[in-house]
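Under our numbering, think of the first position of the sequence shown as 129, with each following residue one higher.
Below is one structure; the comments refer to it alone.
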Amino acid sequence: MLYHLLLILLAIAIVIVYIVIAFIYTDKKKTTIPFLPIPDELLNPIHDELTLYAGATLYDLGCGNAKVLRYCLKQQPTIHAVGVELGHLPFFLGSLWNFLKPLKNLVLLKRNFFDVSIESADRVFIYLLPHVIKKLVPKFRKELKAGTIIVACNYECDGLEKLHISQHAVQDKKFILYVYKI
Ligand SMILES: C[S@@+](CC[C@H](N)C(=O)[O-])C[C@H]1O[C@@H](n2cnc3c(N)ncnc32)[C@H](O)[C@@H]1O
């Protein structure tokens with residue numbers, strides 16, 4: 129009896145590992161940017177730099193498991209938070225989290241952010257790599273309204289008006305938040 133139970137558990141574990149590996153493999157082909165959640169220590173500085181206000185619409189482009197949006201919503205429940213994520217695994221984790229602990233005003237879209245209109249954004253957060261940011265800057269210029277604040281972690285948005293930068297140490301790693309205004 130115990131032997132059969134162990135076999136069943138082993139089979140379930142193998143299937144789960146297989147699915148996770150398949151997710152990681154297909155995500156790598158899709159997005160060219162790995163799913164790397166922001167460290168918890170940076171959530172508060174990001175929230176502060178975003179200068180959110182009641183009713184503001186915040187986008188996280190490449191939101192991963194949506195931890196930045198969840199944190200901001202907990203600090204300011206009246207904002208509208210929109211996460212756009214293409215990767216299967218991070219989107220699944222974000223959706224699971226939202227299923228288990230739903231937050232009003234959080235919308236997660238399983239889309240390529242280049243295909244999503246961001247015209248309604250008042251605030252945008254990104255934690256991406258330079259080759260993608262370079263292509264996003266023209267989209268920011270085209271779609272974002274004047275006054276929109278963008279906070280970019282670690283890599284600059286060349287060509288946008290920079291308000292200021294702040295540096296943060298997390299264990300031995302240095303993180304930089306770049307703040308821009310359209
Ligand atoms: C470094 S992670 C950051 C996750 C999250 N923003 C955070 O700070 O915790 C970058 C995420 O962007 C996603 N991504 C990259 N390119 C994308 C695209 N074109 N459309 C949607 N998501 C994308 C990746 O799948 C990955 O989960």
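By construction, the Cβ of each residue, glycine as well, lies at the ideal position given by its N, Cα and C atoms.
Being a predicted model, the structure only gives us computed values, none of them experimental.
If I measure Cβ to Cβ from residue 175 and keep anything under 7 Å in the same chain, skipping five residues before and after, which residues do I get? Annotation for residue 175: 199, 200, 203 place their beta carbon closer than 7 Å to its own, counting only its chain and skipping 5 residues before and after.
Let me know the alpha helix (DSSP H) ranges lying completely inside the region 230-265, each 4 residues or longer, listed in chain order. List check, alpha helix (DSSP H) in window: nothing returned.
Can you round the beta-carbon distance between residue 187 and residue 148 to whole angstroms, since I take them to be within the 8 Å contact cut? Separation of the CB atoms of residue 187 and residue 148 is rounded to 27 Å, and the pair is thereby denied contact status at 8 Å.
Would you give the residue range spanned by the alpha helix (DSSP H) that residue 222 belongs to? For residue 222, the enclosing alpha helix (DSSP H) stretches over residues 216-228.
Counting only the same chain and skipping the five closest in sequence on each side, list residues whose C-beta sits under 6 Å from that of residue 298. Excluding positions up to five away in sequence, the list reads 167, 169.
Quick check: residue 189 and residue 144, are their CB atoms within less than 8 Å of each other? Not a contact, by the Cβ cut-off of 8 Å.
Whole angstroms is fine: what's the gap from residue 136's alpha carbon to residue 270's? Approximately 54 Å, taken between the alpha carbons.
Does DSSP put residue 188 in a helix, a strand or coil? Residue state, collapsed to three classes: strand.
Classification of residue 142 by the beta-carbon crowding that lies within 10 angstroms, buried from 16 upward: By the 10 Å Cβ count, residue 142 comes out exposed.
What does residue 289 pair with, by DSSP beta-bridge criteria? 309, per the DSSP bridge assignment.
Residue 265 and residue 285: beta carbons closer than 8 Å? Taking 8 Å as the Cβ cut-off, residue 265 and residue 285 qualify as a contacting pair.
At a threshold of 7 Å, does residue 214 count as lining ligand 1 (C-beta to nearest heavy atom)? Residue 214 Cβ: within cutoff of ligand 1.
According to DSSP, what are the bridge partners of residue 143? Answer is none; residue 143 lacks a bridge partner.
Quick check on the burial criterion: 16 or more other C-beta atoms within 10 angstroms. Buried or exposed for residue 227? Classification of residue 227: exposed, given that the 10 Å Cβ count is below 16.
Nearest to residue 295 by CA position, among 162, 140, 172, is which residue? Considering only alpha carbons, the answer is 172.
By the DSSP assignment, the alpha helix (DSSP H) with residue 174 in it spans what residues? Unbroken alpha helix (DSSP H) run through residue 174: 171-178.
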